[in-house]
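Student: Here you go, one structure.
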Amino acid sequence: MNAKLPLLLCTSGGLGLLPKAPGTWGSLLPLFIVLGCGHFSVSAWWLICVLVSLLVVSSIVTVVLAPWYSTYFGKKDPSQVVSDEVAGQSIALLAMAWLVPEIDTSPAQWIGLAVFAFLLFRLFDIWKPWIINTSQHLRAGYGVLMDDILAGIVSGTLVYLATTQLI
2 MNAKLPLLLC TSGGLGLLPK APGTWGSLLP LFIVLGCGHF SVSAWWLICV LVSLLVVSSI
62 VTVVLAPWYS TYFGKKDPSQ VVSDEVAGQS IALLAMAWLV PEIDTSPAQW IGLAVFAFLL
122 FRLFDIWKPW IINTSQHLRA GYGVLMDDIL AGIVSGTLVY LATTQLI
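Counted from 1, the sequence shown has number 42 at position 41 by our numbering; the numbering is strictly sequential.
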C-alpha cells in the first residue's frame, strides 16, 4: 500500500505530523469547521450532519488503518495519528450544535461554547480519568479510538448540562 493516502488520512491532512502537541492540532480541525459554519450562518441541522460525517469517517479511518499505522510508526497508538482526536472532538462539538436551535446565541456565545467544548475535550483526552483510560486496552484501533470517543461523550455531556443550566 502506498503510504501517502493512509498517512494523510490518519494524520488528518498532516496535522498529526506537526512537531508540538499533535493531538491538539487534530482537535482543532473540527473546531475550525464549527467556527466556519457559524461564520457562514450554516443551519444547526447541516452542522450536525457535518460533525456526524466527520465522526464516522475519522472513526473508520482510526480503526481500519490501525494495522498500517502501528507498523508504519512502530507503536500501537502513535501521537501522529490524530483521526481519533477528530472523532472525539466532533462528539464534544455535537452537543453544542444540538443546543443551537434551543438557545438564542450571539456570535460571541457561539464561539465561547465551541471553545468550551474544545477545552473540555482536551482536558479529558489528556487527563484520561478512570473509564476513559481503561478503554485504551481494547484491541487494535478500538483502543486508540475509544478513549477519545469517551472523552468526547463526557465533554459533550458537560457542555450540554452547563449550557442548559446557565443560559
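Even for Gly, the Cβ is constructed at its ideal location relative to N, Cα and C.
#1: Around the C-beta of Val160, are 16 or more other C-beta atoms found within 10 angstroms, so that it is buried, or is it exposed?
#2: Do Val58 and Gly142 have their beta-carbon atoms positioned less than 8 angstroms apart in this structure?
#3: By the three-class DSSP mapping on this structure, what secondary structure does Phe41 have?
#4: Measure how close the beta-carbons of Asp126 and Ala88 come, nearest whole angstrom, since I'm counting them as under 8 angstroms.
#5: Tell me, please, whether the stretch 15 to 30 touches the stretch 73 to 84 by the rule of three or more beta-carbon pairs shorter than 8 angstroms.
#6: Could you spell out where the alpha helix (DSSP H) holding Gly17 opens and where it closes?
#7: Check whether the stretch 48 to 56 touches the stretch 28 to 37, taking contact to mean three or more Cβ pairs, one atom from each stretch, closer than 8 angstroms.
Tutor: This is what the structure gives:
#1: As a working note, residue 160 is residue 159 in the sequence shown. Classified as buried, Val160 has 16 or more neighbouring CB atoms from the shown chains inside 10 Å of its CB.
#2: Here residue 142 refers to the residue found at position 141 of the sequence shown. Here residue 58 refers to the residue found at position 57 of the sequence shown. In this structure, Gly142 lies away from Val58, with their beta-carbon atoms at least 8 angstroms apart.
#3: Start at 1 with the first residue of the sequence shown, and residue 41 comes out as number 40. In the three-state DSSP reduction, Phe41 falls in the coil class, being neither helix nor strand.
#4: On the sequence shown, residue 126 is found 125 positions in, with the first residue counted as 1. On the sequence shown, residue 88 is found 87 positions in, with the first residue counted as 1. Rounded, the Cβ-Cβ distance is 11 angstroms, inconsistent with contact.
#5: Taking 8 angstroms as the limit for Cβ pairs, the verdict is that the stretch 73 to 84 does touch the stretch 15 to 30.
#6: Here residue 17 is taken as the residue at index 16 of the sequence shown, counted from 1. Careful: Gly17 lies outside any alpha helix (DSSP H) and carries neither H nor E.
#7: By the criterion of at least three beta-carbon pairs nearer than 8 angstroms, the stretch 48 to 56 is in contact with the stretch 28 to 37.
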